[in-house]
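There are 4 protein chains.
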Amino acid sequence: MKESVIANVTIIPVGTAHPSLSHYIAACFKIVKQAQGISYQLTAMGTTIQGPLERVLELVKEIHEVPFTQGAQRVFTAISIDDRRDKAITIEGKVQAVKQLAD
Amino acid sequence: MKESVIANVTIIPVGTAHPSLSHYIAACFKIVKQAQGISYQLTAMGTTIQGPLERVLELVKEIHEVPFTQGAQRVFTAISIDDRRDKAITIEGKVQAVKQLAD
Amino acid sequence: MKESVIANVTIIPVGTAHPSLSHYIAACFKIVKQAQGISYQLTAMGTTIQGPLERVLELVKEIHEVPFTQGAQRVFTAISIDDRRDKAITIEGKVQAVKQLAD
Amino acid sequence: MKESVIANVTIIPVGTAHPSLSHYIAACFKIVKQAQGISYQLTAMGTTIQGPLERVLELVKEIHEVPFTQGAQRVFTAISIDDRRDKAITIEGKVQAVKQLAD
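Structure, rendered in structure tokens:
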């Protein structure tokens, strides 16, 4: 996947009545799963997505909106983007590269 | 500023041979200063910007590109977005609200 | 301040029923202000603190606990640490270095 | 695992000569794998760890030091901590809860 970035996205609705956030996160994740041109990996602390930078930011904008449609009045969204242009990277490739070196 | 978000953006070029990053950050900050419809505050750990979400993400995309034009081959960009829709917030207003309560 | 790091700390209580978080943040900030050996700067998206790494992490642990004492049942805390060892850095010095280059 | 937190840790050495960071990350990950009382999951954007808060922060401090021993002069470390006290959470449990709701 040429000219793509890998990003982690964490969506935190604030001022919800209950500490559980899983139904908000699941609604966001449904959209990630259906997104065209995006690879993804759900993790315990966010969702890792891969695709062209513009597409990734569009998707972030889209899923950031989801908790508001579910009643939240405030949302914190944290995104970290890894954009490497000297070689192609993939979600799985990054993990394997580290695992092999750490064995 | 109705329907605006406050975001912190931290740009980290990687593999740049020297630990100083200030000339990369300054080049990004020049673009922030000239951006239409954006309030900003430079901090020690990033740049805080305020504006409509779409405008903020466009600006992030623009400044994320800057270190590549200066020779970097890999850039990590971290963004945290605070989007509150029950009341208007500003960069200065958030700081003052906490300072007054902490006095 | 030799062998000190600069860190940004953002505390996000979750499930608090109301979107305002300022009284939680103010209670955390009171502790930062009284902390020995710590420089600080309150920003719109967190609190920037400077001190020896061990002292900074102790302080993070202390303020992360505060919202629980105020009734929160879940807290997200985000910390980013900048640790530069080739030269001394300060909160104000980092900001000024960028501002001068961007003028 | 009672009274444990889940955290994501991302270590970014800066000013290294090459954009590849995998040998730094692998050296950190080796320490995580050997850490007592810590569950972990390597991801493309960091390492997710679980354990008591104090133990997690000790481990962060330890792995943050690693790139310096490998020659780096500056390291950015980002940590996000999810501390939920109304019910026990696990790395795998959080992922499964979201996956089931999103099916």
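Protein chains in written order, with this note's numbering: chain A, 3 to 105; chain B, 3 to 105; chain C, 3 to 105; chain D, 3 to 105. Don't be surprised by glycine CBs; every beta carbon is placed ideally from N, CA and C.
Limits of the beta strand (DSSP E) - the one that residue i falls within
i: alanine 9/B; result: 7-16
i: threonine 45/C; result: 41-45
i: glycine 73/A; result: Glycine 73/A -> no beta strand (DSSP E), and no H or E assigned at all.
Three-state class that DSSP yields for residue i in the structure shown
i: leucine 23/A; result: coil
i: glutamine 98/D; result: helix
i: arginine 87/A; result: coil
i: isoleucine 93/D; result: helix
i: glutamine 38/D; result: coil
i: alanine 80/D; result: strand
i: methionine 3/B; result: The predicted model places methionine 3/B with a pLDDT of 42, which falls under 50 and marks its position as unreliable; any figure quoted below should be read in that light. Of the three classes helix, strand and coil, the one that applies to methionine 3/B here is coil, per DSSP.
CB contact check: residue i to chain C, cutoff 8 Å
i: lysine 101/D; result: no
i: proline 54/B; result: no
i: histidine 25/A; result: no
i: aspartate 85/B; result: no
i: isoleucine 65/B; result: no
Own chain, CB closer than 7 Å to residue i, minus 5 neighbours either side, in chain order
i: serine 82/D; result: Ala9 and Asn10
i: phenylalanine 31/B; result: Leu44 and Thr49
i: glutamine 75/B; result: Gly17
i: arginine 57/C; result: Gly39 and Ile40
i: proline 21/A; result: none
Proximity of residue i and residue j at Cβ, strictly below 8 Å
i: phenylalanine 78/D; j: valine 16/D; result: yes
i: alanine 28/B; j: alanine 104/C; result: yes
i: methionine 47/A; j: aspartate 84/D; result: yes
i: isoleucine 62/A; j: tyrosine 26/A; result: A small fix is needed here, since residue 62/A is valine in this sequence, not isoleucine. No; because the gap between Cβ atoms is not below 8 Å, this pair is not in contact.
i: leucine 23/A; j: leucine 59/B; result: no
i: threonine 12/A; j: alanine 99/A; result: no
Cβ-based neighbour list, residue i, same chain, cut-off 6 Å, excluding 5 preceding and 5 following
i: glutamine 52/C; result: Ser6, Ile8, Ser41 and Ile93
i: isoleucine 14/B; result: Phe78
i: alanine 37/A; result: Leu61
i: lysine 96/A; result: none
i: leucine 55/C; result: Val7
Within-8 Å CB hit, residue i to chain A
i: glycine 17/C; result: yes
i: valine 77/D; result: no
i: arginine 57/D; result: no
i: methionine 3/D; result: Confidence is the limiting factor: at methionine 3/D the pLDDT is only 42, short of 50, which leaves the residue's position unreliable and the question unanswerable from this model.
i: lysine 35/B; result: no
Any C-beta of chain B under 8 Å from that of residue i
i: lysine 96/A; result: no
i: proline 21/C; result: yes
i: aspartate 105/A; result: no
i: glutamine 38/C; result: no
i: threonine 45/D; result: no
i: phenylalanine 70/C; result: no
Other residues of its chain near residue i: CB distance less than 8 Å, five sequence neighbours each side excluded
i: arginine 87/D; result: Glu5
i: lysine 35/C; result: Tyr42
i: isoleucine 33/A; result: Leu61, Glu64, Ile65 and Val68
i: glycine 73/C; result: Thr18
i: lysine 101/B; result: none
Contact with chain D by residue i, beta-carbon distance below 8 Å
i: isoleucine 91/B; result: no
i: isoleucine 14/B; result: yes
i: alanine 80/C; result: yes
is_contact[residue i, chain G] using C-beta, thresh 8 Å
i: alanine 74/C; result: Given the protein chain composition of this structure (A, B, C and D), no chain G is represented.
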